[in-house]
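A.B. asks:
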Amino acid sequence: MNQVEKSIRSCIERGDKAFVPYIMAGDGGLDTLRDKVLFLQEKGATAIEIGIPFSDPVADGETIQQAGERALAEGVTLRSVLGKLQSFKEEVKPEMPLLIMSYLNPILAYGVDGFVQSLRDSGISGLIIPDLPLEESGLLQETLAANHIAFIQLVSLTSDQQRMAAITGQSSGFIYAVTVNGITGVRQGFDKALALHLTRLKSISPVPVLAGFGISTPAHVEELSTYTDGVIVGSAIVEAFHTGDTHKISRLIEASKGKETADH
Amino acid sequence: MVQTRSSVKQKGRYGKFGGQYVPETLMTALIELEAAYEEASQDPQFAEQLEYYLQDFVGRETPLYFAERLTEKIGGAKIYLKREDLNHTGAHKINNSIGQALLAIRMGKRKIVAETGAGQHGVATATACALFGLDCIIFMGKEDVRRQELNVFRMELLGAKVVSVEKGSGTLKDAVNDALRYWVTHVEDTHYILGSALGPHPFPRIVRDFQRVIGVETRRQILEKEGRLPDGVVACIGGGSNAIGMFHPFVEDEKVALYGVEAAGNGIETGLHAAAIAGGKEGVLHGAYMYILQDDDGFIQEAHSISAGLDYPAVGPEHCYLHEIGRAIYTSVTDAEALAGLRLLTETEGIIPALESAHAIQYAAELAKQMRADEVIVVCLSGRGDKDVQTVRDALGGGAV
Ligand SMILES: Cc1ncc(COP(=O)(O)O)c(C=O)c1O
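Protein chains in written order, with our numbering: chain A, 1 to 264; chain B, 1001 to 1401.
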């Protein structure tokens, strides 16, 4: 079992749900990355997903697009983020794994082998690539497994039973359950069918299931944690860091503590 | 369908190019689209229906016209023009829009999203939607909205909603990003009519197949007129749809040289261009592995061309493959040269070509000069220039010619 899955499981054993915040690396300058990571660690994040800015982020909504543009304007790249992470990796607790979320092209430009080596050097435990579906995942599957880096796959509302089974069979670390048809961003509420979808997904998945996309309030966190092993919160965290509302971040994380899975 | 060596070997692959690099939310739609297309392409009724609209609505077949005065003026190979400019709505784009709209209807999807650069694909798609009573939303970069104002109004007249994309360079690439985001959000009832031979499998194949009519007709027409195949075929390359439609039926004819003309903008050496084969590197954009203009960190660069329809930082996967195996030759023409090509055709033949097509004309003129009088080349005149008159006027410095 890799570190990502271990951390989520031990969080659940404690009677909490996993909470994985997403931050855009380099938003506010690359020098703020250490502070954000250490802040989230102190507040009790289960793991942290670190987004790499990209010129054409087709899976992202306005909030993360704009954060990405701010980071790009600072000259932030995949290489500079990994370099920065390496510089303070001793301060990150091994039981609080760091994940990288990057679109595929910067990884290809870096070179797959060099990239995986750099992930190791920077102490990264997991990888999420939003534009690399199961069909194309062979590109990184073996090398990540050989290097004990979790390759986290996404399941969407449009994935049918067969795909769900195939994807959960391939995923390591956890399954990223996309909770809306659409892109990242803040949303009012969720589809009624979502609870059923998540429950079903959880019943077939050998790895923990975390829900993400559109989760932006403590109430959302509580609601979706009921059906899953926890949540990933992106736009709301990115926005809160941008406006300096660190209180909101603490409240979101609090909402994942001491929650039990609903009995079905 | 003829099996050629450029056909898909691995699913959705042209050599190492192509593939399906999209968010999981779109995968089911792509799988459904592939199945629906597979089924439609086996169905004689679908072919008949398409044929009917192409003939009676679009006005096919288009003529293969011998450009006699242009040929004389150049003093080299005989130049023929495949007159896609004479299609309804003024470009080859309608071939694909009608085909995909019929496919969408077959799939029970009555809402359409599309991107557009020059506005030609947007107009063609809005037209197909008006024809079949489908809802239509078109994403267009703000820079293109400015350059192609009249096409925006035309789309709106046709009942489409046009959304101006303010992000990035405000051109075709950004329009595709937002069209993809819209599609992800509305995937259950909406079909995305992609406008060029780009994007994730099965789009490059579907678009190519709907554009193959260009090459199929050309082949038959040139055999009738000249009793033999041409020595060369020339087409401009934006994403590559008119070119692949023209090239594909000739790929197996080794003696027919295929020339794709990219937009060199201010010149390849200036970095301000849209020539992804000449100046790009391999990578992934909009769902496919192809040659892309990008920096060392893998960020996609903005393309530059006077022609909105060529202003895209990549080239469709099948062209990348034809380039890699050396079957087609890819070259480029600058903004200034394209303007010269536009004037040349206008003055010698009384045909104002689209700025996109003017790239092909200009290269063909240079090529013909190097060839013998008993040799023959065909140029795909992908569209007419009405939409570009204002741009050309500005580029030529305003008033008098
Ligand atoms: C007249 C015309 N020719 C060519 C193109 C370039 O597209 P493609 O390379 O897909 O043929 C366009 C695109 O808008 C166009 O309008």
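Where is the CB? At the ideal position from N, CA and C, for every residue including glycine.
Is the CB of residue 1297/B under 8 Å away from at least one CB in chain A?
C.D. replies: Closer than 8 Å: yes.
A.B. asks: Per DSSP, which residues does residue 1135/B bridge with? Please list them.
C.D. replies: In the DSSP output, where bridge partners are listed per residue, residue 1135/B has 1111/B.
A.B. asks: Could you check if residue 94/A is buried or exposed, using at least 16 other CB atoms within 10 Å of its CB as the buried criterion?
C.D. replies: Exposed is the call here.
A.B. asks: Please tell me whether residue 133/A has its Cβ less than 8 Å away from any Cβ of chain B.
C.D. replies: For residue 133/A, the answer is yes, since a Cβ of chain B falls inside 8 Å of its Cβ.
A.B. asks: Mind listing which residues of the region 125–152 of chain A have their C-beta closer than 7 Å to chain B's C-betas, in chain order?
C.D. replies: Hits within the stretch, in order: 130, 131, 132, 133, 135 and 136.
A.B. asks: Just how far apart, CA to CA, sit residue 1113/B and residue 1184/B?
C.D. replies: Rounded to the nearest angstrom, the two C-alpha atoms are 11 Å apart.
A.B. asks: Where residue 1001/B and residue 87/A are concerned, what is the direct C-alpha to C-alpha distance, given to the nearest angstrom?
C.D. replies: Residue placement at residue 1001/B is poorly supported in this model, since its pLDDT is 36, which falls under 50; the coordinates still yield a value, given next. The straight-line gap from Cα to Cα measures roughly 57 Å.
A.B. asks: Counting along the chain, where does the alpha helix (DSSP H) carrying residue 1155/B start and finish?
C.D. replies: Element bounds for residue 1155/B: 1149–1157.
A.B. asks: Residues in its own chain within less than 8 Å of residue 1142/B by CB, not counting five upstream and five downstream?
C.D. replies: So the list reads 1164, 1165, 1166 and 1170, once near-sequence residues are dropped.
A.B. asks: Counting only runs that start and end within the region 1244–1323 of chain B, where is the beta strand (DSSP E) found for 3 or more residues in a row?
C.D. replies: List check, beta strand (DSSP E) in window: 1257–1265, 1281–1285 and 1288–1292.
A.B. asks: Please classify residue 196/A as buried or exposed, where buried requires at least 16 other C-beta atoms within 10 Å of its C-beta.
C.D. replies: When all chains shown are included, residue 196/A counts as exposed.
A.B. asks: Considering only residues of the region 89–136 of chain A, which uninterrupted beta strand (DSSP E) runs meet the minimum length of 3 residues and lie entirely inside it, listed in chain order?
C.D. replies: For the region 89–136 of chain A, whole beta strand (DSSP E) runs of length 3 or above, ordered along the chain, are 98–101 and 124–128.
A.B. asks: When we look at the beta-carbon of residue 1276/B and count the other beta-carbons within 10 Å, is it buried (16 or more) or exposed?
C.D. replies: By the 10 Å Cβ count, residue 1276/B comes out buried.
A.B. asks: Under a three-way DSSP split, which group does residue 176/A fall into?
C.D. replies: Residue 176/A: strand per DSSP, three-state reduction.
A.B. asks: Can you round the beta-carbon distance between residue 246/A and residue 255/A to whole angstroms, since I take them to be within the 8 Å contact cut?
C.D. replies: At roughly 15 Å, the Cβ-Cβ gap does not stay under 8 Å, so residue 246/A and residue 255/A are not in contact.
A.B. asks: Starting from residue 243/A and walking both ways along the alpha helix (DSSP H), at which residues does that stretch end?
C.D. replies: First-last of the alpha helix (DSSP H) with residue 243/A: 235–243.
A.B. asks: Looking at the C-beta of residue 168/A, does it have a partner C-beta in chain B at a distance below 8 Å?
C.D. replies: Residue 168/A does not count as touching chain B.
A.B. asks: Residue 1079/B and residue 1091/B - do their beta-carbons sit closer together than 8 Å?
C.D. replies: Contact flag unset, no.
A.B. asks: List the residues that DSSP assigns as beta-bridge partners of residue 153/A.
C.D. replies: Beta-bridge pairing links residue 153/A to 175/A.
A.B. asks: Within its chain, find whatever has a CB closer than 7 Å to the CB of residue 1016/B; leave out the 5 residues flanking it on each side and keep chain order.
C.D. replies: Result list for residue 1016/B: 1289, in chain order.
A.B. asks: Which same chain residues, not among the five before or five after residue 1089/B, have their C-beta less than 6 Å away from its C-beta?
C.D. replies: Same-chain partners within the cutoff: 1123, 1124 and 1127.
A.B. asks: Is residue 61/A near ligand 3 - that is, is its Cβ less than 7 Å away from at least one heavy atom of it?
C.D. replies: Of the ligands one can find in the structure shown, namely ligand 1, none is ligand 3.
A.B. asks: List the residues of chain B that residue 104/A touches, going by C-beta distances under 7 Å, in chain order.
C.D. replies: In chain order: 1021 and 1284.
A.B. asks: Below 7 Å on C-beta distance, what does residue 1205/B contact in chain A?
C.D. replies: Simply none; closest approach about 15 Å.
A.B. asks: So, is the C-beta of residue 1185/B closer than 8 Å to a C-beta in chain A?
C.D. replies: With 8 Å as the cut-off, residue 1185/B counts as an interface residue toward chain A.
A.B. asks: Whose C-alpha, out of 1115/B, 1152/B and 1098/B, is nearest the C-alpha of residue 1134/B?
C.D. replies: It is 1098/B.
A.B. asks: Could you name the residues of chain A that residue 1180/B contacts, counting a contact when the two beta carbons are closer than 8 Å?
C.D. replies: Result: 58.
A.B. asks: Using a Cβ-Cβ cut-off of less than 8 Å, give me the residues of the region 1027–1048 of chain B that come near chain A, in sequence order.
C.D. replies: If the cut-off is 8 Å between Cβ atoms, the region 1027–1048 of chain B has 1027, 1028 and 1029 near chain A.
A.B. asks: At least one CB of chain B closer than 8 Å to the CB of residue 64/A: is that the case?
C.D. replies: No - not a single Cβ of chain B is within 8 Å of the one on residue 64/A.
A.B. asks: May I ask whether a heavy atom of ligand 1 can be found less than 7 Å away from the beta carbon of residue 1082/B?
C.D. replies: No, Cβ of residue 1082/B sits at least 7 Å from all heavy atoms of ligand 1.
A.B. asks: The beta strand (DSSP E) that contains residue 1328/B, what's its start and end?
C.D. replies: Residues 1328–1334.
A.B. asks: If we count the other Cβ atoms within 10 Å of its Cβ and call it buried at 16 or more, is residue 243/A buried or exposed?
C.D. replies: It counts as exposed.
A.B. asks: Please determine if the region 1198–1207 of chain B and the region 1033–1041 of chain B are in contact, where contact requires at least 3 C-beta pairs separated by less than 8 Å.
C.D. replies: Yes, since at least three Cβ pairs between the region 1198–1207 of chain B and the region 1033–1041 of chain B fall closer than 8 Å, the two stretches touch.
A.B. asks: Give the range of the alpha helix (DSSP H) segment to which residue 79/A is assigned.
C.D. replies: Residue 79/A -> alpha helix (DSSP H) spans 78–87.
A.B. asks: In whole angstroms, give me the CA-to-CA distance for residue 1395/B and residue 1177/B.
C.D. replies: When rounded, the distance between both Cα atoms is 29 Å.
A.B. asks: Hey, is residue 1352/B close to ligand 1, as in C-beta under 7 Å from one of its heavy atoms?
C.D. replies: No, the beta carbon of residue 1352/B sits no closer than 7 Å to any heavy atom of ligand 1.
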